[in-house]
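Asker: Below you will find the structure I want to go over with you.
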Amino acid sequence: MAPAFAATPTAGTWTVRLSDIGTTDASAGTVASISITLTRTPDTDLDGIGDSSDNCPSAANANQADIDSDGTGDACDGCPNDSSKTSAGACGCGVPDTDTDLDGIADCNDLILVRTVMGGTIPNNNLSGFTGTFVVPASTMTTPLSDIKVKFVGLSHTYAGELVCELIAPDGTVATVFNRVGKTNPLSGSGDNSNLLSTNLYNFGDTGVTSFWSNATTAVGSAANIAGGTCFATGALSATKISMTDTFVGHAIPGTWTFRIADVSNTDAVAGTFVKVKINLTRASALTGGMPSAPSDPSDDVLAALSDGVLDVPGEFASAQEAINALPANTHATIALAAGVYGSAIDFLGKDVDLRGAGIGQTVLDGSGVVGAMVNLDNTPITAALADLSIRGATHGAVSGNNSSAAIERVRFESNSAAMGGAAHLTNSWVSITECEFVSNHADGDGGAVLLSSCDGSIVGSVFTANRCATAGEGSGSALAIVGSLSVDGVFVVDQCAITGNDGGAAVSVRDALDGSRGRCVINASLVCGNLPHNFEGDCTQTNEVICAEAADVDGSGAIDAADITALMNSWGSSDTLADIDGDGIVGASDLAILLGAWG
35 MAPAFAATPT
45 AGTWTVRLSD
55 IGTTDASAGT
65 VASISITLTR
75 TPDTDLDGIG
85 DSSDNCPSAA
95 NANQADIDSD
105 GTGDACDGCP
115 NDSSKTSAGA
125 CGCGVPDTDT
135 DLDGIADCND
145 LILVRTVMGG
155 TIPNNNLSGF
165 TGTFVVPAST
175 MTTPLSDIKV
185 KFVGLSHTYA
195 GELVCELIAP
205 DGTVATVFNR
215 VGKTNPLSGS
225 GDNSNLLSTN
235 LYNFGDTGVT
245 SFWSNATTAV
255 GSAANIAGGT
265 CFATGALSAT
275 KISMTDTFVG
285 HAIPGTWTFR
295 IADVSNTDAV
305 AGTFVKVKIN
315 LTRASALTGG
325 MPSAPSDPSD
335 DVLAALSDGV
345 LDVPGEFASA
355 QEAINALPAN
365 THATIALAAG
375 VYGSAIDFLG
385 KDVDLRGAGI
395 GQTVLDGSGV
405 VGAMVNLDNT
415 PITAALADLS
425 IRGATHGAVS
435 GNNSSAAIER
445 VRFESNSAAM
455 GGAAHLTNSW
465 VSITECEFVS
475 NHADGDGGAV
485 LLSSCDGSIV
495 GSVFTANRCA
505 TAGEGSGSAL
515 AIVGSLSVDG
525 VFVVDQCAIT
535 GNDGGAAVSV
545 RDALDGSRGR
555 CVINASLVCG
565 NLPHNFEGDC
575 TQTNEVICAE
585 AADVDGSGAI
595 DAADITALMN
605 SWGSSDTLAD
615 IDGDGIVGAS
625 DLAILLGAWG
């Protein structure tokens with residue numbers, strides 16, 4: 035009914051009519067009373083228009099004027115002539131708050147536009163080479179261009195003198211980045227037979243003080259690699275510096291650009307590759323009147339590196355720690371650690387870091403000279419991770435973490451040692467360890483490979499072998515020691531793992547913590563065999579167990595004999611984990627059958 039009276043004045047005398055318009059029953063009806071309730075629409079600004087219909091309920095505007103027809107009345111519209119905005123925002127009325135490179139700075143205030151061209155193969159002896167395009171919106175270039183930088187990630191080629199690299203503006207203007215470095219003519223040169231190494235950083239820009247030619251000449255020889263660094267651009271068959279920025283002065287910058295790199299000779303008959311190239315276009319500050327602005331500060335470089343969400347080491351940062359230090363708080367980033375051996379400790383600083391190597395055995399963290407844990411995961415969020423690498427030789431533990439939720443995936447821990455938890459010591463943490471290898475790690479106390487204190491979570495698809503601890507008895511854990519739990523009802527899960535050949539106390543040891551938190555573990559579908567002197571101690575339940583002959587060594591003597599039958603019979607009907615060979619929770623006939631089958 036309300037819509038029927040929407041445009042009708044409500045003040046005055048109303049009439050209620052109730053009629054019987056039929057003759058079916060020939061009888062009159064009666065009504066004692068009728069109650070009418072009228073609810074008025076709130077009108078906050080008292081302009082006579084209810085809030086639900088008012089295009090500006092907070093300010094009186096009976097005329098409902100809306101010049102830009104955006105649905106917000108002029109009385110409330112901070113940009114009454116801009117239909118896309120109701121407030122000035124970062125850029126003011128009439129200018130969109132667009133953030134083209136997604137760095138958190140609107141184009142109108144962003145002096146640096148970062149564009150990334152993903153790489154690929156540089157065809158051998160092909161003039162067309164590899165090309166990629168990127169777009170520069172007009173909104174990003176409201177003042178003149180002041181600087182250009184070209185940054186390669188993973189550039190690899192075995193004869194630098196074969197390569198030509200260019201940037202091509204929307205109107206076809208070409209700026210050379212480098213052209214047949216080391217070649218003084220098409221047939222001869224010095225340094226032209228040197229190599230570009232994928233793990234080196236090759237940057238080019240007008241602010242560079244190093245000559246790429248000098249670096250190539252220093253690295254003369256087919257087995258020599260050109261050093262990384264920031265170099266100035268050079269022209270065709272020449273070591274003379276050229277300015278990429280000056281090349282484009284007076285030419286339109288907005289539009290579609292082309293990046294090109296080509297192998298123009300067949301000297302080595304080998305194609306090159308690169309992972310990506312980043313082009314940083316810096317425009318002049320409005321205060322400079324179009325003159326070049328001051329060099330960017332380190333935060334600009336971080337934003338540029340983060341344009342694709344990946345920080346490359348050593349491509350964009352010299353070390354993983356340098357990349358972590360530069361990463362802004364509350365920002366997630368993947369740090370791609372290239373193949374190689376790294377000898378410095380890494381502290382995540384509690385940041386949202388996904389540190390990934392090139393693979394087990396390819397990226398190696400060598401802790402032999404490190405004081406303290408090789409990797410510190412304190413206070414890391416659940417989206418953080420350590421993955422795809424090896425950690426070896428750490429003498430104060432490979433990984434430590436308190437209040438950590440970082441995942442550990444596809445990591446090989448080998449020959450690491452510590453007072454406790456030779457490979458990993460985690461406390462008050464949510465643990466997720468997947469497809470890892472723990473080999474020949476050692477602890478002076480508990481946890482030859484892993485010590486978990488007041489933790490919940492799981493270890494899945496991992497291998498523990500030849501780890502040892504010096505402590506015997508409850509809590510030892512030559513492979514895994516679990517002490518207490520993170521939550522009241524916490525149960526740690528070990529799933530589809532192989533735990534074999536570990537030495538010192540029990541391979542898997544579970545005990546309650548001193549604070550009273552209960553330690554419990556479920557081992558599912560896992561092979562736990564051949565560990566000395568025992569496989570298990572404490573509250574540890576096996577499900578879907580993979581049975582091994584050693585499991586029948588109930589008394590842990592190293593031999594399966596009559597003494598084991600005696601030990602089993604003494605535990606008959608109980609839940610003794612040593613005598614419960616099949617892990618069904620009770621010592622009984624099935625356990626005796628397994629023992630008799632293994633005897634002899």
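Throughout, this note's numbering is defined as the position within the sequence shown, counted from one, plus 34. By construction, the Cβ of each residue, glycine as well, lies at the ideal position given by its N, Cα and C atoms.
Check the Cβ-Cβ distances between ARG502 and every residue of chain D, and say whether any is below 9 Å.
Answerer: Of the chains in the structure shown, none is chain D; there is only one protein chain.
Asker: Going by alpha carbons, who is nearest to VAL243 out of CYS265, ASN234, ASN249?
Answerer: With distances taken between Cα atoms, VAL243 lies closest to CYS265.
Asker: Going by the CB atoms, is the gap between ASP108 and ASP116 shorter than 9 Å?
Answerer: It is not a contact, given that the beta carbons lie outside the stated cut-off.
Asker: Please go through the same chain and pick out, in chain order, the residues whose beta-carbon is closer than 7 Å to the beta-carbon of SER103, but skip the five residues on each side of it.
Answerer: Excluding positions up to five away in sequence, the list reads SER117.
Asker: Between which residues of its own chain and PRO326 is the CB-CB distance below 7 Å, once the five residues before and five after are set aside?
Answerer: Annotation note: pLDDT 34 at PRO326 (below 50); position unreliable, no value reported.
Asker: In terms of alpha-carbon separation, which member of ASN159, GLY138, VAL465 lies closest to VAL494?
Answerer: The shortest Cα separation from VAL494 among ASN159, GLY138, VAL465 belongs to VAL465.
Asker: Under the assumption that THR210 contacts GLU200 (Cβ atoms under 8 Å), give the Cβ distance between them as a whole number of angstroms.
Answerer: Yes, they are in contact, since the Cβ atoms of THR210 and GLU200 sit about 6 Å apart, within 8 Å.
Asker: Judging by CA-CA distance, which residue of ASP226, GLY479, VAL588 is the nearest neighbour of THR301?
Answerer: Of ASP226, GLY479, VAL588, the residue nearest in Cα terms is ASP226.
Asker: Using alpha carbons as the reference points, say which of GLY56, ALA250, LEU561, VAL398 lies closest to SER272.
Answerer: Closest option to SER272, Cα to Cα, is ALA250.
Asker: By how many angstroms is the C-alpha of HIS568 removed from the C-alpha of ALA597?
Answerer: Cα to Cα, the separation comes out at about 16 Å.
Asker: Nearest by alpha-carbon distance to VAL621: which of ILE628, SER605, ASP412 is it?
Answerer: Checking every option, the nearest Cα to that of VAL621 belongs to SER605.
Asker: Just the C-alpha distance for GLY324 and THR177, rounded to the nearest angstrom, thanks.
Answerer: With a pLDDT of only 36 at GLY324, under 50, the local geometry of the prediction cannot be trusted, and the value read off the model is given with reservation. Their Cα atoms are separated by approximately 6 Å.
Asker: For ASP205, I'd like the list of residues in its chain whose CB is within less than 8 Å of its CB, leaving aside the five on either flank, ordered along the chain.
Answerer: For ASP205, where only same-chain residues beyond five positions count, the Cβ hits under 8 Å are HIS285, ALA286, GLY289.
Asker: Would you mind sorting PRO329 into buried or exposed? The rule is 16 or more other CB atoms within 10 Å of its CB.
Answerer: For PRO329, the pLDDT reaches just 37, beneath the cut-off of 50, and the residue's location in the model is therefore unreliable, leaving the point undetermined.
Asker: What are the start and end residues of the alpha helix (DSSP H) that includes GLY631?
Answerer: First-last of the alpha helix (DSSP H) with GLY631: 623-632.
Asker: Mind checking which residues open and close the alpha helix (DSSP H) that includes TRP247?
Answerer: Looking at the DSSP string, the run of the alpha helix (DSSP H) that includes TRP247 is 246-252.
Asker: Count the C-beta pairs between the segment 382-396 and the segment 406-414 that are closer than 8 Å, then say yes if the count reaches three, no if not.
Answerer: As far as the Cβ criterion goes, the segment 382-396 touches the segment 406-414, which means the pair count is three or higher.
Asker: Closest by CA to SER487, which one among VAL198, VAL497, ILE55, SER519?
Answerer: It is SER519.
Asker: Of the residues ALA586, ASN578, CYS574, ALA547, which one's Cα is nearest the Cα of CYS563?
Answerer: Measuring from the Cα of CYS563, the nearest candidate turns out to be ALA586.
Asker: Where do the N-terminal and C-terminal ends of the alpha helix (DSSP H) with THR307 fall, by residue?
Answerer: No alpha helix (DSSP H) contains THR307, which is instead part of the beta strand (DSSP E) from 306-317.
Asker: Which residues bound the alpha helix (DSSP H) around THR281?
Answerer: Start and end: 278-281.
Asker: Going by C-alpha distance, which of ALA500, ALA513, THR499 is nearest ALA458?
Answerer: Out of ALA500, ALA513, THR499, ALA513 has the C-alpha closest to the C-alpha of ALA458.
Asker: Below 6 Å CB to CB, which residues in the same chain sit around ASN565 once its five sequence neighbours on both sides are set aside?
Answerer: Cβ neighbours of ASN565 beyond the five flanking positions: ASN536, ALA541.
Asker: What's the gap between the Cα of GLU350 and the Cα of ARG149?
Answerer: Going by the C-alpha atoms only, they are around 15 Å apart.
Asker: So, for GLN355: in the same chain, excluding its five sequence neighbours on each side, which residues have a beta-carbon less than 8 Å away from its beta-carbon?
Answerer: Within the same chain, GLN355 has close Cβ partners SER378, ALA379, ILE380, ASP381.
Asker: Please work out which residues of its chain come closer than 6 Å, Cβ to Cβ, to ASP131, disregarding the five sequence neighbours upstream and downstream, and give them in chain order.
Answerer: So the list reads GLY123, ALA124, CYS125, ALA140, once near-sequence residues are dropped.
Asker: Looking at ARG390 and ILE369, is the spacing between their C-beta atoms short of 9 Å?
Answerer: Taking 9 Å as the Cβ cut-off, ILE369 and ARG390 qualify as a contacting pair.
Asker: Rounded to whole angstroms, what is the Cα-Cα separation between TYR376 and THR534?
Answerer: Using only the alpha carbons, I get a separation of about 30 Å.
Asker: Please state if the CB of ALA418 and the CB of SER451 are separated by a distance shorter than 9 Å.
Answerer: Result no, Cβ atoms of SER451 and ALA418 do not sit closer than 9 Å.
Asker: Classify MET152: buried if its beta carbon has 16 or more other beta carbons within 10 angstroms, exposed otherwise.
Answerer: MET152 is exposed by the Cβ-count criterion.
Asker: What three-state label does DSSP hand GLN355 in the structure shown?
Answerer: Here GLN355 sits in helix by DSSP.
Asker: Mapping DSSP to helix, strand and coil, what is ASP88?
Answerer: Coil.
Asker: Should VAL409 go down as buried or exposed, given a rule of 16 or more other Cβ atoms within 10 Å for buried?
Answerer: Buried.
Asker: Cβ of TYR236 within 9 Å of Cβ of VAL304?
Answerer: Not closer than 9 Å, so no.
Asker: Check for me: the beta strand (DSSP E) holding ASP388 runs from which residue to which?
Answerer: Where ASP388 is concerned, the enclosing beta strand (DSSP E) stretches over 387-390.
Asker: Taking its Cβ as the centre, do 16 or more other Cβ atoms sit within 10 Å of TRP291, making it buried, or is it exposed?
Answerer: The residue in question, TRP291, is buried, as its Cβ has 16 or more Cβ neighbours within 10 Å.
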